[in-house]
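Here the structure comes first, spelled out in C-alpha coordinates, and everything after it is commentary.
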Amino acid sequence: MPEMKITSSDAKKCEKCEISTNLRLCTSCGGVFCCQSHNAHNEEHFKETNHPIIIPLPTGTPLFWTWCWVDNAYLE
(Lines of atoms letter the chains of each structure in order from A; the text may use other names.)
(Lines give C-alpha, C1' and ligand atoms only; values in the text may rest on other atoms or scores of the structure.)
Protein backbone atom coordinates (compact mmCIF):
# COMPACT_ATOMS: atom_id res chain seq x y z
CA MET A 4 0.00 0.00 0.00
CA PRO A 5 1.32 3.50 -0.81
CA GLU A 6 2.46 5.60 2.12
CA MET A 7 0.00 8.19 3.41
CA LYS A 8 2.29 11.23 3.62
CA ILE A 9 -0.39 13.84 4.31
CA THR A 10 -3.34 13.18 6.59
CA SER A 11 -4.91 16.60 7.21
CA SER A 12 -5.62 19.92 5.53
CA ASP A 13 -7.20 23.26 6.35
CA ALA A 14 -8.47 23.66 2.77
CA LYS A 15 -12.12 24.66 2.46
CA LYS A 16 -12.74 24.15 -1.28
CA CYS A 17 -11.82 22.08 -4.32
CA GLU A 18 -8.66 23.31 -6.03
CA LYS A 19 -10.31 23.09 -9.45
CA CYS A 20 -13.93 24.19 -9.08
CA GLU A 21 -14.48 25.96 -5.74
CA ILE A 22 -16.94 23.29 -4.43
CA SER A 23 -16.80 23.39 -0.62
CA THR A 24 -18.64 20.18 0.37
CA ASN A 25 -17.72 16.49 0.19
CA LEU A 26 -14.03 17.22 -0.28
CA ARG A 27 -11.32 14.60 -0.66
CA LEU A 28 -7.67 14.92 0.40
CA CYS A 29 -4.91 13.34 -1.67
CA THR A 30 -2.57 11.76 0.87
CA SER A 31 0.37 11.88 -1.57
CA CYS A 32 0.50 15.62 -2.26
CA GLY A 33 -2.13 17.25 -0.04
CA GLY A 34 -4.32 18.35 -2.93
CA VAL A 35 -8.00 18.87 -2.11
CA PHE A 36 -10.64 17.99 -4.68
CA CYS A 37 -14.40 17.49 -4.94
CA CYS A 38 -16.00 14.05 -4.87
CA GLN A 39 -17.72 11.93 -7.49
CA SER A 40 -21.15 13.42 -6.75
CA HIS A 41 -19.90 16.86 -7.80
CA ASN A 42 -17.31 17.27 -10.59
CA ALA A 43 -15.17 14.20 -9.74
CA HIS A 44 -11.96 16.20 -9.55
CA ASN A 45 -10.54 13.67 -7.07
CA GLU A 46 -10.62 10.94 -9.72
CA GLU A 47 -9.29 13.34 -12.37
CA HIS A 48 -6.36 14.11 -10.05
CA PHE A 49 -5.61 10.38 -9.71
CA LYS A 50 -5.64 9.94 -13.50
CA GLU A 51 -3.29 12.91 -13.96
CA THR A 52 -0.84 12.08 -11.15
CA ASN A 53 -1.30 8.42 -10.24
CA HIS A 54 -1.72 9.46 -6.58
CA PRO A 55 -3.94 6.57 -5.42
CA ILE A 56 -5.12 7.28 -1.85
CA ILE A 57 -7.78 9.78 -0.74
CA ILE A 58 -9.52 10.49 2.55
CA PRO A 59 -12.58 12.67 3.27
CA LEU A 60 -12.36 16.18 4.66
CA PRO A 61 -12.71 17.21 7.33
CA THR A 62 -10.54 14.42 8.69
CA GLY A 63 -11.54 12.59 11.85
CA THR A 64 -15.26 12.62 11.11
CA PRO A 65 -17.39 9.70 12.35
CA LEU A 66 -17.72 8.40 8.78
CA PHE A 67 -13.96 8.41 8.17
CA TRP A 68 -12.64 6.07 5.46
CA THR A 69 -9.69 5.62 3.09
CA TRP A 70 -10.13 4.99 -0.64
CA CYS A 71 -7.59 3.52 -3.06
CA TRP A 72 -8.07 4.28 -6.76
CA VAL A 73 -5.67 1.50 -7.81
CA ASP A 74 -7.70 -1.17 -6.00
CA ASN A 75 -10.98 0.71 -6.58
CA ALA A 76 -11.89 -0.12 -2.99
CA TYR A 77 -12.01 1.16 0.58
CA LEU A 78 -8.93 0.27 2.62
CA GLU A 79 -9.09 -1.17 6.11
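FYI, the numbering for the sequence shown is 4 to 79, going by the numbering used here.
Note that beta-carbon positions come from the ideal geometry of N, C-alpha and C, so glycine has one too.
All figures in this text were calculated on a predicted structure; none of them were measured in a lab.
So, for residue i: in the same chain, excluding its five sequence neighbours on each side, which residues have a beta-carbon less than 6 Å away from its beta-carbon?
i: lysine 19; result: His44
Could you give the distance in angstroms between the alpha-carbon of residue i and the alpha-carbon of residue j?
i: leucine 60; j: phenylalanine 49; result: 17 Å
i: asparagine 42; j: lysine 15; result: 16 Å
If you reduce the DSSP assignment to three classes, tell me which class residue i lands in.
i: phenylalanine 36; result: strand
i: threonine 52; result: helix
Looking only at its chain, what residues have a beta carbon closer than 8 Å to the beta carbon of residue i, apart from the 5 residues adjacent to it on each side?
i: threonine 40; result: It should be pointed out that residue 40 corresponds to serine in this sequence rather than to threonine. If we look at serine 40 and ignore the five residues flanking it on each side, its Cβ neighbours are Asn25.
i: leucine 66; result: Pro59
Is residue i close to chain C? Criterion is C-beta to C-beta, closer than 8 Å.
i: glutamate 51; result: The chain labelled as chain C is not found in the depicted structure, where only one protein chain is given.
Could you tell me if residue i is buried or exposed, where buried requires 16 or more neighbouring beta carbons within 10 angstroms of its beta carbon?
i: valine 73; result: exposed
i: cysteine 32; result: exposed
i: leucine 78; result: exposed
Let's see if you can read the secondary structure: which residues bound the beta strand (DSSP E) around residue i?
i: tryptophan 70; result: 69 to 71
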